[in-house]
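**Q** Here our numbering is used: position 89 in the sequence shown is 89, and no number is missing along the way. C-beta: ideal position from N, C-alpha, C; glycine also. Got a structure for you, written out below as structure tokens; questions coming shortly.
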Amino acid sequence: MKDLKIINQRENPLFNRKEVEIIVETNVTPKIKEAEEFVAKEFACHADNIKIKKVKGRFGSNSFVIFANIYHTKEDKDKIEKSKKNKENKTEEKKE
């Protein structure tokens, strides 16, 4: 990681979270886990409290925008964000 810059940050008290947009300068598109580490290091929070919404980049560019939600606790995150496993289980139940 070369450079990290916060472009937008807002507090959302309804969902007990902070919504952030960060620009990261890297040579390769960051994976979700890497993006969580970038955000956790920048905001001094635990990676379990972070939900990465999107990592967006442009072709030929080394800058990527990370859209993330930072929750106060893991329980807040689990209440609001749906996990991928829960979605898969619900679709399997509907098929049966």
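Under the DSSP definition of a beta bridge, which residues are partnered with ALA44?
**A** According to DSSP, ALA44 bridges with nothing at all.
**Q** Would you mind sorting ASN69 into buried or exposed? The rule is 16 or more other CB atoms within 10 Å of its CB.
**A** buried
**Q** Go through its chain and collect everything with a Cβ distance to HIS46's Cβ below 8 Å, but skip five positions before and after it.
**A** ALA40 and LYS74
**Q** Count the other CB atoms within 10 Å of the CB of ALA44; is the residue buried (16 or more) or exposed (fewer)?
**A** exposed
**Q** Return the CA-CA distance between GLU25 and SER63, expressed in angstroms with no decimal places.
**A** 4 Å
**Q** Helix, strand or coil, according to DSSP, for ASN8 in the structure here?
**A** In the structure shown, ASN8 sits in a strand (DSSP, three-state: E or B).
**Q** Let me confirm a value: LYS77 is counted as buried when at least 16 other C-beta atoms fall within 10 Å, else exposed. Which label applies?
**A** buried
**Q** ILE66: which of ILE23, LYS79, ARG17 and ARG10 sits nearest, CA to CA?
**A** ILE23
**Q** Could you check what DSSP says for LYS33 in three-state terms: helix, strand or coil?
**A** helix
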